[in-house]
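Reading through the C-alpha cells given below for one structure.
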Amino acid sequence: MSGSMKVKMIVGVASESWSYAPGQIVELSESQASAWVGSRLADWAEGETASLSPAETAARKPAPRRKGAK
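Its first residue numbered 60, the sequence shown is counted upward by one per residue in my numbering.
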C-alpha cells in the first residue's frame, strides 16, 4: 500500500466486505488514516504491525466431582 499509515482502532468500523474491531492495528491510506484519527475512530500506531492477533479463548474449569458419583 503506497503512502500508507498504521492506526489502532478506538471503535469498531465495518462494511459489507470488511470490519475492524477496537484495539485492532490496521493499515490505511494516509488520507483515510488522517480522517479516522481526526474523527477519533482511531489513534496513530507507529511501530506496530498490521496484523490481527489470535482471539483469546477462555478455559472452563471442570465441575467438582460429587461424593458418591460413579
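A virtual CB, placed ideally from N, CA and C, is assigned to each residue, including glycine. Source: prediction; values computed, not measured.
Subject >> residue 76 in three-state terms, based on DSSP >> reply: coil
Original post:
Tell me which same chain residues have a C-beta within less than 7 Å of the C-beta of residue 99, skipping the five on either side of it?
Top reply: 69
Subject >> Coarse secondary structure for residue 96, derived from DSSP in three states >> reply: helix
Subject >> Neighbourhood of residue 82 by C-beta distance below 7 Å, restricted to the same chain and skipping five residues each side >> reply: 67 and 68
Original post:
DSSP state of residue 89, grouped into three classes?
Top reply: helix
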